[in-house]
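K.L.:
Under UniProt numbering, think of the first position of the sequence shown as 1, with each following residue one higher. Just so it is clear, CB atoms sit at the ideal spot from N, CA and C, and this is done for glycine as well. All values reported here derive from a predicted model rather than from experimental measurement. Dropping a structure here in structure tokens format, bear with me for questions.
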Amino acid sequence: MASAHASPAAAAPTPAPARAAAPSQAQLTARVQGALRTGHTSQTRSKPSATTAAPAAGSATTAAPNATPSTSATSTVDPKIIGGTETTIAKAPWMAQLWYYDDKGTSDTSDDISFFCGGSVVSPTKILTAAHCVKGYDWHANGTIVTGTDQLPTDNADGSVDLHGGTVSGVWRQWNHPSFNATTVDNDIAVLTLPNPISAKPISITTSNDTSSYTVGANATLYGWGRTSSTSGDIAQTLRTATLPMVSDATCSGAYPTNFVAGHMICAGTPATGSDSGTIAACNGDSGGPLIVGGKIVGVVSWGVEKCVASGSYSVFTKVSTYVGTAYPRIDDTNLSGDADADLFVRRASDNTGYEYDSKGTSFATRISWGSYSDKNVILQTDLNRDGYQDQIIRRASTGAVYWRHYIPASDSWATTLLFGNWSTRTKIVAPGDVTGDALPDLLSVTASGTLYIYPGLGNGTFGTPVAVGSGWNQYNVLLGHGDFTGDGKADLLARSSSNSYVYLYPGTGKSGSGAFGARIQVRTWGQFNAFDAVGDITGDGRADLVARTSAGTLYLYPGTGKATSDIFGTPVTIGTGWQQYNLFG
1 MASAHASPAA AAPTPAPARA AAPSQAQLTA RVQGALRTGH TSQTRSKPSA
51 TTAAPAAGSA TTAAPNATPS TSATSTVDPK IIGGTETTIA KAPWMAQLWY
101 YDDKGTSDTS DDISFFCGGS VVSPTKILTA AHCVKGYDWH ANGTIVTGTD
151 QLPTDNADGS VDLHGGTVSG VWRQWNHPSF NATTVDNDIA VLTLPNPISA
201 KPISITTSND TSSYTVGANA TLYGWGRTSS TSGDIAQTLR TATLPMVSDA
251 TCSGAYPTNF VAGHMICAGT PATGSDSGTI AACNGDSGGP LIVGGKIVGV
301 VSWGVEKCVA SGSYSVFTKV STYVGTAYPR IDDTNLSGDA DADLFVRRAS
351 DNTGYEYDSK GTSFATRISW GSYSDKNVIL QTDLNRDGYQ DQIIRRASTG
401 AVYWRHYIPA SDSWATTLLF GNWSTRTKIV APGDVTGDAL PDLLSVTASG
451 TLYIYPGLGN GTFGTPVAVG SGWNQYNVLL GHGDFTGDGK ADLLARSSSN
501 SYVYLYPGTG KSGSGAFGAR IQVRTWGQFN AFDAVGDITG DGRADLVART
551 SAGTLYLYPG TGKATSDIFG TPVTIGTGWQ QYNLFG
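See the structure below:
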């Protein structure tokens, strides 16, 4: 059983956060060039077998993921997209091109792997795409993301590559849904993390309780660079868009009786005609791209029939609302060690030294000193500017001033910025993540009179006008939260009553003001603990977790279950003893 380290340690300078070894621009461009030159190398991907569709749907063909082998940008491109029109990056600034090229380290081109997928910028360092574009491939070693352009790169005769104003980025980490099935293409959703933030404007994913976007007949917008014709394998040189009406699950099940998984997949479009004429459909190369309703991503291009126009067929998308609970923690997974699992930060009472404890899933690695944290009575982890590096919100005990401490990659240094001049009388401060539903991290505080306020984050370390949630919040002696406890993709709060030690869940609604949280739910009675910490997903399963310390100094990890009931946490894991030496958790 691990114990907290009790031996003295000298103060140390603040360590630089974990950073990916980003490839050079030349290396990234070379990857794109390699993919362009490889031509029609096939992607090794299993394909689900389609069965005969209902009579009204016409003939059935082989269903397949909509990724495509890359084709040379100098190839002839049919100007006619399958039912769509050209658009500009100004109208879809979040669109991303995903280029993959692996020459296997040999001069033999026959074993090369290259393909192209679409994706969406959902935060400055995150790309949402399809799992069949990610699983089984090493994107850090071989992948390149191109953003900020509606044109595919051109491989010039002089050996250069024209990015048409686009920006190339590498990939730091990759995540795909753990239950993705390459055969059935079920649970087809993934997130790529970039090593540095990009300037492309992000788009938000939908929420778990979104039903209106999926109303039959509702118009959705598709974007992508996929094939422009069923008779040509070439993908589009210029970004395309098309409008597709939502299709009922019953209709989609009729078209794909054994392939379609209701609740996990959606169909959109009108029945294909059997040819390009009259067909509106996603096609190979559109994989991973977004289907958008109301300014939010509701679907990810997943699979369709071979050649995309078989009579009676529909384009099939991952139903994003189903996967918010698992995908959103990966979109908002900033942590101290850079590995996607939330870490602990504590301060030792004897000498005010701050320490980082990196998660190992259900235990923690040897602590790392961050130096002196004297004259502090609040230390919280967050990422206010969404640059992929963990920030701190700190309050000085002597003045009540609240500061934002954040890392500056360009200078490899830390900056400290004053946020609020005197919050000495604020009884609680919480950095729960995105409370208001705008995909930007917010800050909460409780006044001396017990009123809870939301300070809406602007994504750059500053805040908008505070909005009151309500009064009576000083009845709680603990108020904390970081991330989503219920699996719906919305930030929640936990509160412990001063009078009876009841612990309540306040489920987030994604709204602001008095409607920011739903009715409280009693989930525990915890009088045996005198310290708590909620820093997000410690175990790496996509659910927010909690640690709690007894008065004797034993620390327990309570893994989240995603349930908004008394079963909100699973069986506790004993972390170790000796944790009474720490007087601040954040």
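1. How would you write the range of the alpha helix (DSSP H) that SER372 sits in, first residue to last?
2. VAL300 and ASP188: beta carbons closer than 8 Å?
3. Which residues share a DSSP beta bridge with SER497?
4. Going by DSSP, what residues sit across from TRP430 in a beta bridge?
5. Residue range of the alpha helix (DSSP H) that ARG330 falls in?
6. Return the chain-ordered ranges of every beta strand (DSSP E) run that is complete within the region 140-212 and spans a minimum of 3 residues.
7. Roughly how many angstroms lie between the CA atoms of CYS252 and PHE260, to the nearest whole one?
8. Where DSSP assigns a beta bridge to CYS267, which residues make up the other side?
9. Among ARG37, ASP333, ALA415, GLY459, which residue has its Cα nearest to the Cα of VAL161?
10. Give me the Cα-Cα distance between ALA92 and GLY400, rounded to the nearest whole angstrom.
11. My understanding is that GLN33 touches VAL168, with C-beta atoms under 8 Å, so please give their C-beta distance in whole angstroms.
12. CB PRO197 to CB GLY437, shorter than 8 Å?
13. What residues in its chain sit with their C-beta under 8 Å from that of ASP102, if we drop five residues either side in the sequence?
14. Find out if the Cβ-Cβ distance for the pair VAL121, ILE203 is shorter than 8 Å.
15. Between which two residues does the beta strand (DSSP E) containing ALA534 stretch?
16. Could you check where the beta strand (DSSP E) with GLN33 kicks off and where it finishes?
17. How many Å lie between SER59 and LEU192 at the Cα?
18. What does LYS296 pair with, by DSSP beta-bridge criteria?
19. Where ALA11 and SER449 are concerned, what is the direct C-alpha to C-alpha distance, given to the nearest angstrom?
20. If you follow the beta strand (DSSP E) that GLY118 is part of, which residue opens it and which one closes it?
21. Are the CB atoms of GLN97 and VAL134 nearer to each other than 8 Å?
22. Assign TYR214 to one of three DSSP states: helix, strand, or coil.
23. Please state if the CB of ASP492 and the CB of LEU505 are separated by a distance shorter than 8 Å.
24. Take PRO271 as the anchor and find which of VAL469, TYR357, GLY433, SER315 has the nearest alpha-carbon.
25. Starting from the Cα of ASP383, find the closest Cα among THR462, ALA310, ASN422 and give me that residue.
26. Mind checking which residues open and close the beta strand (DSSP E) that includes GLU356?
27. Using the Cβ count rule (16 or more neighbours within 10 Å means buried), how would you classify LEU418?
28. According to DSSP, simplified to helix, strand and coil, what is HIS132?
29. Excluding five sequence neighbours on each side, which residues of the same chain lie with their C-beta closer than 7 Å to the C-beta of SER359?
30. As a quick exercise: from ASP533, VAL171, GLY433, ALA182, pick the residue whose alpha carbon is nearest that of THR509.
31. Hey, TYR328 and ASP545: beta-carbon distance below 8 Å or not?
32. Does the region 357-373 touch the region 421-430, meaning 3 or more C-beta pairs lie closer than 8 Å?
33. Expressed to the nearest angstrom, what Euclidean distance is found between the alpha-carbon atoms of TYR223 and ALA242?
34. Is it buried or exposed for ASP391, if we count other Cβ within 10 angstroms and need 16 for buried?
35. Look at the alpha carbon of THR322 and the alpha carbon of GLY148, and state the distance between them as a whole number of angstroms.
36. Three-state secondary structure (DSSP) at TRP303?
P.N.:
According to the structure data:
1. Where SER372 is concerned, there is no enclosing alpha helix (DSSP H), although the beta strand (DSSP E) it sits in stretches over 368-372.
2. The answer is yes: Cβ separation under 8 Å.
3. Paired residue(s): TYR476.
4. Sequence check: residue 430 is Val here, not Trp. According to DSSP, which records beta bridges pairwise, VAL430 is partnered with LEU444.
5. 324-331
6. DSSP runs (the beta strand (DSSP E)) wholly in the region 140-212: 143-147, 167-169, 173-176, 190-193.
7. 7 Å
8. Residue pairing by DSSP places CYS267 opposite VAL247, VAL316 in a beta bridge.
9. ARG37
10. 43 Å
11. No, GLN33 and VAL168 are not in contact; Cβ-Cβ is about 11 Å, not under 8 Å.
12. no
13. ASP112, ILE113, SER114, TYR137, ASP138, ALA141, ASN142
14. yes
15. 529-536
16. Where GLN33 is concerned, there is no enclosing beta strand (DSSP E), although the alpha helix (DSSP H) it sits in stretches over 25-38.
17. Residue placement at SER59 is flagged as unreliable, the pLDDT there being 25, under the threshold of 50; a coordinate-derived value is accordingly withheld.
18. Beta-bridge pairing links LYS296 to SER204, VAL293.
19. Legend: pLDDT at ALA11 = 40, less than 50; position of this residue unreliable, value from coordinates given subsequently. Each residue's alpha carbon lies about 38 Å from the other.
20. 113-123
21. no
22. helix
23. yes
24. Comparing Cα positions, the closest option is SER315.
25. THR462
26. Per DSSP, GLU356 belongs to the beta strand (DSSP E) from 353-357.
27. Flag for LEU418 reads exposed.
28. Helix at HIS132.
29. ASP341, ALA342, ASP343, ILE538
30. Here the closest residue by C-alpha is GLY433.
31. The Cβ-Cβ distance between TYR328 and ASP545 does not fall below 8 Å.
32. Segments in contact, no.
33. 7 Å
34. buried
35. 29 Å
36. strand
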